[in-house]
Amino acid sequence: MVELKVKIGDLEFKNPVMTASGTFGYGEEFEDFIDVGKLGGFVVKGTTGEPREGNPYPRMAETASGMLNTVGLQNKGVEYFTEKIYPGIRQYDTNIIVNVSGSTYKEYAEVAEKINELDDIPAIELNISCPNVNKGGMVFGTDPSIAAEVTSLIRKVYKKTLIVKLSPNVTDITEIAKAVEGAGADAVSLINTLLGMAIDAETGKPVLSTVTGGLSGPAIKPVALRMVWQTSKAVKIPVIGIGGIMNTTDAVEFFLAGATAIQAGTANFIDPQISIRIIKGLEEFMIRHKVFSIHDIIGNLKI
Amino acid sequence: MKKKIQNIEVSGIERLNEEHFLLNLYSKTNLPEILPGQFAQILIENSRTTFLRRPFSVHNISYSNNTITFLVQIVGDGTRSLSRLREGDMVSIVYPLGNSFTMGAEDNVLLVGGGCGVAPLLFLARYLYENGHKMTILIGGKTRKDILRIREYQKYGNVLITTEDGSLGEKGLVTQHPLLQAFDLEFDKIYTCGPELMMKAVGEMAKIRNIECEVSLERIMACGIGACLCCVIDTPDGNRCVCTEGPVFNVNELKW
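Protein sequences appear in the order of chains A and B.
If you want the numbering used here, it's the 1-based position in the first sequence plus 13.
If you want the numbering used here, it's the 1-based position in the second sequence plus 5.
This is how it looks when you write it as structure tokens:
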């Protein structure tokens, strides 16, 4: 059989396919459709120090080949996660990664510290790129020095694998990637959503309650591919590719661009089995191309 | 109740008028248990503007024939594309989703539907009827052509009609029907589905008269399975997902 194992930091993944934060709930939502344990990993939705109600409805607008969302990090907080959610999901035979969010350095650190104590959470994804919150989120991910500062702060309190999720809403994403690499990140994941907006011409009003939101889906794939390619050349740490991956072919494109692993996001909404289909599809692709290891595809773009 | 994703065969499209049609689907395998008020997420292919699945409440089912029926209003490119499906085509559906209307010991209930909001009420009416409940069904629309499936509803109870232009039944809004204007409503429970303003008005009438009332909400949805948190309704308990905690809510659970 083909070899799909990859490593991010010290952490081994049985395959390079994960599901993206905010698109997969806590995994339980997909239990009727897939064996969650077959995934390389999954990223739990954005978890903050205090519970958050998120943004008002409407929170979603469908756009050409994609969707805008402004959920605004609705979650019940880190304590609720550790006490109520974690005991029910910790037995999944996969890498459960918690997406850590916050409005202040202190909040990020508090969440990371609490997650650090959970034996069956081997990694966090530091979210410095949420476009839908007033304070924090993307603010931390658009300035290289602030991104480095929050990363090194978390590096001090979080002892396991630290992934930093980057925003595409910057002039040069490689600057941010290099900054967080220097501050001790084990990997970067990119891209988070692209800031966008939708307007209803009939009513003259914005479609989303917060006017702007984050664009995801196939519409952003070319941008994501470009950024993954640039970043993978700029840093030594692994890059996790995210952005409009809807099928195996899309995933292969991200590996070729230099991604060590990928996350399927919006695709989960359309096909709740897509993550597993991509894993099977990768095996078939590799057999068809007579490639033994996924490492023979990663970064193997022929220019 | 286990949710599933299934490629299912189109057994026919029945045009009701230029704007509405029935989408009949046939499953080669036995249907899962589906309850009134539940919905399915249908993938619409061959539509350039439709990227996500679309939620449709179940209009009727037949376990003996393994068929599910959806009542669909053509409102855009996606629903138009659905209307062009042919017998034998396959569609991908995720179902059964959401909670359901609840049924207690009430022996006299009222169903209030507006426009295409009557969709889940037929399945409900049949279910109530088969369980020995007596019911009145009040249906409103803008005009005659918006009043759909009357003969079907008549199988299960007394049907009353309103149209805004008076082209059928009483003239006016469904909430202006003399039945609802009476102070002493003799119903034990009211179920309603339709435009939100209509449901709010019905809910208000029920609250004033201390009658239990269940409403089926419609929300812009992405996943339909509680993962994306897009389809929320603001309630006294915070934002709740219409796809998993609804679509049916007791009116007392809402901020209405």
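Ideal placement from N, C-alpha and C gives every residue a C-beta, glycine not left out.
What does residue i touch in chain A if you count any residue whose Cβ is under 7 Å from its own?
| i | result |
| --- | --- |
| C235 (chain B) | R72, M73, N82, V84 |
| N244 (chain B) | E66, G67, Q87 |
| I225 (chain B) | P71, M73 |
Taking C-beta to C-beta, are residue i and residue j nearer than 8 Å?
| i | j | result |
| --- | --- | --- |
| T107 (chain A) | F153 (chain A) | no |
| S229 (chain A) | T32 (chain A) | no |
| V146 (chain A) | G62 (chain A) | no |
| N71 (chain B) | N12 (chain B) | no |
| S86 (chain B) | F26 (chain B) | no |
| E16 (chain A) | F267 (chain A) | no |
| I144 (chain B) | G118 (chain B) | yes |
| P135 (chain A) | L52 (chain A) | no |
| V99 (chain B) | I10 (chain B) | yes |
| V96 (chain B) | L48 (chain B) | yes |
For residue i, tell me which candidate among the options has the shortest Cα-Cα distance.
| i | options | result |
| --- | --- | --- |
| K173 (chain A) | A:N182, A:A198, A:K191 | A:A198 |
| A45 (chain B) | B:S88, B:P125, B:E23 | B:P125 |
| V49 (chain A) | A:Y105, A:L17, A:A274, A:N68 | A:Y105 |
| G195 (chain A) | A:T206, A:V163, A:A211 | A:V163 |
| L86 (chain A) | A:E75, A:S78, A:N112 | A:N112 |
| I233 (chain A) | A:E41, A:G101, A:T76 | A:T76 |
| I79 (chain B) | B:C248, B:I18, B:C218 | B:I18 |
| N104 (chain B) | B:I225, B:Y196, B:S221 | B:S221 |
| K4 (chain A) | A:K169, A:C143, A:M210, A:P285 | Given a span of 14 to 316 for chain A in the structure shown, any question on residue 4 (chain A) remains unanswerable. |
| F56 (chain B) | A:G79, A:P219, A:A74 | A:G79 |
| V170 (chain A) | A:Y99, A:A211, A:E120 | A:E120 |
| V63 (chain B) | B:D170, B:N29, B:L115 | B:N29 |
| L221 (chain A) | A:G59, A:L81, A:G278 | A:L81 |
| I212 (chain A) | A:K127, A:E42, A:T225, A:Y118 | A:T225 |
| E297 (chain A) | A:T261, A:P285, A:A277 | A:T261 |
Quick one: list the residues of chain B neighbouring residue i, beta-carbon separation under 8 Å, in chain order.
| i | result |
| --- | --- |
| P69 (chain A) | D239 |
| N281 (chain A) | C228, A232 |
Can you tell me which of the three DSSP states residue i falls into?
| i | result |
| --- | --- |
| I10 (chain B) | strand |
| N55 (chain B) | Sequence inspection shows Thr at residue 55 (chain B); the Asn mentioned does not correspond to that position. It is coil, neither helix nor strand. |
| R85 (chain B) | helix |
| Q1 (chain A) | What is shown of chain A runs 14 to 316, which leaves residue 1 (chain A) out entirely. |
| N70 (chain B) | coil |
| K89 (chain A) | coil |
| H25 (chain B) | strand |
| V80 (chain B) | coil |
| V237 (chain B) | strand |
| T261 (chain A) | helix |
| M73 (chain A) | strand |
| N281 (chain A) | helix |
| R245 (chain B) | strand |
| S180 (chain A) | coil |
What residues of chain B sit near residue i, judged by a beta carbon separation below 7 Å?
| i | result |
| --- | --- |
| I78 (chain A) | Going by the sequence as given, residue 78 (chain A) is Ser instead of Ile. Simply F56. |
| E63 (chain A) | By Cβ distance, chain B contributes nothing, its closest Cβ being about 13 Å from E63 (chain A), past 7 Å. |
| G230 (chain A) | F56 |
| E42 (chain A) | I230, G231, A232 |
Listing by chain order, which chain E residues have their CB less than 9 Å from the CB of residue i?
| i | result |
| --- | --- |
| G38 (chain A) | The structure shown has no chain E; the protein chains it does contain are A and B. |
Against residue i, what residues of chain A qualify as contacts under a CB-to-CB distance less than 9 Å, listed in chain order?
| i | result |
| --- | --- |
| L48 (chain B) | I283, D284 |
Interface residues of chain A around residue i at Cβ under 8 Å?
| i | result |
| --- | --- |
| I10 (chain B) | F46, D284, P285, Q286 |
| K7 (chain B) | D45 |
* To do: Just list the alpha helix (DSSP H) runs in the segment 93-172 of chain B, keeping only unbroken ones of 4 residues or longer that don't cross its boundaries, in chain order.
  => If only uninterrupted alpha helix (DSSP H) runs of at least 4 residues are considered, those enclosed by the segment 93-172 of chain B are 124-135, 155-159.
* Which full runs of the beta strand (DSSP E) of 3+ residues lie inside the segment 197-249 of chain A, going along the chain? -> Uninterrupted beta strand (DSSP E) stretches at least 3 residues long and entirely within the segment 197-249 of chain A occur at 200-203, 207-210, 225-229, given in chain order.
* **Length at least 3, wholly inside the segment 119-168 of chain A: the beta strand (DSSP E) runs in chain order** => Counting only runs of 3 or more, we get 136-140.
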